[in-house]
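Contents: one structure, followed by commentary.
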Amino acid sequence: MLTEVVHRSNPELETHLQESLRIDLIHFSFRWALCLMAREFSPRNVILLWDMYFADSDPKGFAILHVYVCAAFLKLLAEFVLQTDDMEKGLYLLQKPPTHYWDEKNILELVPLLVLPSLLFCERMTFSLF
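Count along the sequence shown from 1, add 253, and you get the number used in our numbering.
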């Protein structure tokens, strides 16, 4: 599903990843899904992110919301990825993103980016941050 979300919401990035860098989404998104972003963010930010997951009242929402979070996170990294012209550097950036300086504000920047994919797939965002 992440492939389709990225294809619809950020085709330029998808093209750059697949054609220029020869990186398939599975090369980094498997870890994002398996670890629920715990390796990409500080423990404090992971708790904030997971709190957003648990706040989603839709029973199937957790899995769908996580896909949208991954797509939104990828959109935030797009500026850096699009500047990369080497597969190894691009993969390193995606597997070890520069989030060590992130705080709650940066995590909350993901929220507006979740709206576009949800509209493209006619999904209802049901969580509330407050």
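Glycine is no exception: its CB is placed at the ideal position from the N, C-alpha and C atoms.
Legend entry - Span of the alpha helix (DSSP H), counted from its first residue to its last, around P296: Per DSSP, P296 belongs to the alpha helix (DSSP H) from P296 to A308.
Legend entry - Nearest to L270 (by Cα), restricted to the options L366, P351 and V334: For the residues L366, P351 and V334, the minimum Cα distance to L270 belongs to V334.
Legend entry - Distance between L363 and V322 (C-alpha atoms, nearest Å): 7 Å
Inset, instruction - Spatial neighbours of R284 within its chain, please: CB distance less than 8 Å, with the 5 preceding and 5 following residues excluded, ordered by chain position. - result: R292 and Q348
Legend entry - Per-residue burial, H353 [other beta carbons within 10 Å of its own, 16 or more giving buried]: exposed
Legend entry - I317 to D339 span [Cα, whole Å]: 31 Å
Inset, instruction - Work out the CA separation of P351 and L301 for me, nearest whole Å. - result: 18 Å
Inset, instruction - For M254, I'd like the list of residues in its chain whose CB is within less than 7 Å of its CB, leaving aside the five on either flank, ordered along the chain. - result: V320
Inset, instruction - Return helix, strand or coil for A291, following the three-state DSSP convention. - result: coil
Inset, instruction - For the alpha helix (DSSP H) containing H260, list its first residue and its last residue. - result: L255 to S262
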